[in-house]
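Residue numbers (my numbering): 72 to 497.
Shown next, in structure tokens, is the structure this report addresses.
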């Protein structure tokens, strides 16, 4: 019997990390390991100490998560795990699963294991990293790439795998000389945990003529493009609303965009009778309520691998209008995609054309009352989460890596429904 040691993300309730690390992945591990001779445990919960004490729940300095809270939480996990190693609790043949490939302090853990001659498999979810030119870590590639590749080399030698959300990301990692097995699993999402409890909540008749934009207002999310689309939609649909949502207490964007973005938002609000709304400081429940009454969730990001907001929106009955770009053609049927260009490839007139395509897509959905069935994207990611746990369990049992890299987007839909329904009953 082997044990899986789970390093979750700092559970910030204002972000997806509390659900992911404290509910979604633990449920997947329980579902798989309850039928196995192997076991698993959360490193944080082995200590009996609250490792989140004193950490920020909002994003102060940082992009996706607060940098102070992120780093301190990782080091606290590593400190406790180093103690478990020294006490002999970590054995040959065990495995570590990092919920984020970038886990500061893990190099010290791998050092300690190597010194003691303990061979442990390593698994990690890679959310982006410096291989993505639009990710904030790309500017750090001159030093961070070596750290990323050192993790890859450890996995290649000792066993394990990298999990990513899309084939695009896997290709980026391969182009950067990553050699470890890479499985495409979507984002680890629990569809049945997020889905509204009442079936009535998913009825098209409940939907307002409303678009929700839930991405961060950072350059890679293209807030200018979004506001152009919002203005055109509100001009053409006099009874429509456009709602920008965030869990932060204020819009978070880069310093160079802040003043101009606020002025642009104020201008549209003034000219459109305040039908462009900015909802800040939303709890998860309040955010889900916005989704449950919206007809459309809109995205124009240059840097998203599937997107948490896409999964949440679909699960709450929103129709996605997303760009035909990067990871989205793999996870969404073309009916939900509008033509889009990489921002660096725009020529004169093309940006207007892309805006026009997005506006037409939204107006078409408004025109038919939103009576379109959402795609199966969230269901596939629900299954991808379970497959991650299953791959780890299989490899722990068989003491070797799977020969074939897996891709959840290639599974037949009947298999997706079968796996999802079985896990739901447990």
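Ideal placement from N, C-alpha and C gives every residue a C-beta, glycine not left out.
These numbers were taken from a predicted model, which means no experiment stands behind them.
**Message:** Do residue 382 and residue 249 have their beta-carbon atoms positioned less than 8 Å apart in this structure?
**Reply:** Stepping through the chain shown from its first residue, residue 249 is reached at position 178. Stepping through the chain shown from its first residue, residue 382 is reached at position 311. No.
**Request:** My understanding is that residue 177 touches residue 169, with C-beta atoms under 8 Å, so please give their C-beta distance in whole angstroms.
**Result:** Position 106 of the chain shown holds residue 177. Position 98 of the chain shown holds residue 169. With a Cβ gap of about 7 Å, residue 177 and residue 169 count as contacting.
**Own chain, CB closer than 7 Å to residue 379, minus 5 neighbours either side, in chain order** = Residue numbering aside, residue 379 sits at position 308 when the chain shown is read from its first letter. In its chain, beyond the 5 residues on either side, 87 and 258 have a beta carbon closer than 7 Å to the beta carbon of residue 379.
**Message:** Excluding the 5 residues flanking residue 376 on each side, which residues of the same chain have their C-beta closer than 6 Å to its C-beta?
**Reply:** Position 305 of the chain shown holds residue 376. A distance below 6 Å between beta-carbons, with the five flanking residues on each side excluded, links residue 376 to the following residues of its chain, in chain order: 236, 237, 240 and 398.
**Prompt:** Where does residue 93 sit, in a helix, a strand or coil, going by DSSP?
**Reply:** Against the chain shown, residue 93 aligns to sequence position 22. In the structure shown, the three-state DSSP call for residue 93 is helix.
**Prompt:** Which term fits residue 478, buried or exposed, when burial requires 16 or more other beta carbons within 10 angstroms of its beta carbon?
**Reply:** Numbered from 1 along the chain shown, position 407 holds the residue referred to as residue 478. A buried status is given to residue 478, since no fewer than 16 other beta-carbon atoms sit within 10 Å of its beta-carbon.
**Request:** Please report how far the alpha carbon of residue 482 lies from the alpha carbon of residue 462, in whole angstroms.
**Result:** In the chain shown, residue 482 corresponds to position 411, counting from 1. In the chain shown, residue 462 corresponds to position 391, counting from 1. If you take the alpha carbons of residue 482 and residue 462, they lie about 15 Å apart.
**Message:** To test your reading of the DSSP string, which unbroken alpha helix (DSSP H) runs of 4 or more residues are found completely within the stretch 293 to 319?
**Reply:** Entirely contained in the stretch 293 to 319, the alpha helix (DSSP H) runs reaching 4 residues are, in chain order, 294 to 307.
**Prompt:** Can you name the residues that DSSP bridges to residue 112?
**Reply:** Residue numbering aside, residue 112 sits at position 41 when the chain shown is read from its first letter. DSSP lists 76 as partners of residue 112.
**Request:** Would you identify the three-state DSSP class for residue 198, choosing helix, strand or coil?
**Result:** One-based indexing of the chain shown puts residue 198 at position 127. If DSSP states are grouped into helix, strand and coil, residue 198 belongs with coil.
**Request:** Could you pull out every residue in the same chain whose Cβ sits closer than 7 Å to the Cβ of residue 387, ignoring the five residues on either side in sequence?
**Result:** Along the chain shown, read from residue 1 onward, the residue named residue 387 stands at position 316. Cβ neighbours of residue 387 beyond the five flanking positions: 267, 359, 362 and 363.
**Request:** Alpha carbon to alpha carbon, how far is residue 94 from residue 366? Give it in angstroms, no decimals.
**Result:** As a first step, residue 366 is located in the chain shown; it is residue number 295 there, counting from the start. As a first step, residue 94 is located in the chain shown; it is residue number 23 there, counting from the start. Those two C-alpha atoms are separated by around 28 Å.
**Prompt:** Taking the continuous alpha helix (DSSP H) assigned at residue 262, which residues delimit it?
**Reply:** Taking the chain shown and counting its residues from 1, one reaches residue 262 at position 191. Judged by DSSP secondary structure, residue 262 falls within the alpha helix (DSSP H) whose first and last residues are 262 to 265.
**Prompt:** When you compare only the Cα positions, how much space is there between residue 276 and residue 443?
**Reply:** Here residue 276 refers to the residue found at position 205 of the chain shown. Here residue 443 refers to the residue found at position 372 of the chain shown. Near 12 Å, if we compare the C-alpha coordinates of residue 443 and residue 276.
**Cutoff 6 Å; reference residue 292; Cβ partners in own chain excluding five residues on either side** = Here residue 292 is taken as the residue at index 221 of the chain shown, counted from 1. Same-chain partners within the cutoff: 286 and 372.
**Request:** Using the Cα positions of residue 166 and residue 101, report the straight-line distance between them to the nearest angstrom.
**Result:** Counted from its first residue, the chain shown places residue 166 at position 95. Counted from its first residue, the chain shown places residue 101 at position 30. In a straight line, the C-alpha of residue 166 is about 16 Å away from that of residue 101.
**Request:** Determine, using beta carbons only, whether residue 402 and residue 283 come nearer to each other than 8 Å.
**Result:** Counted from its first residue, the chain shown places residue 402 at position 331. Counted from its first residue, the chain shown places residue 283 at position 212. Residue 402 places its beta carbon 8 Å or farther from that of residue 283.
**Prompt:** By how many angstroms is the C-alpha of residue 92 removed from the C-alpha of residue 278?
**Reply:** Working through the chain shown from its first residue, we reach residue 278 at position 207. Working through the chain shown from its first residue, we reach residue 92 at position 21. Here the alpha carbons of residue 92 and residue 278 stand approximately 31 Å from one another.
**Asked** Which of helix, strand or coil does DSSP assign to residue 281?
**Response** For the purposes of this step, residue 281 is taken as residue 210 along the chain shown, with counting starting at 1. Of the three classes helix, strand and coil, the one that applies to residue 281 here is strand, per DSSP.
**Request:** Identify which residue in 446, 369 and 251 has its Cα closest to the Cα of residue 405.
**Result:** Numbered from 1 along the chain shown, position 334 holds the residue referred to as residue 405. It is 446 whose Cα lies nearest to the Cα of residue 405.
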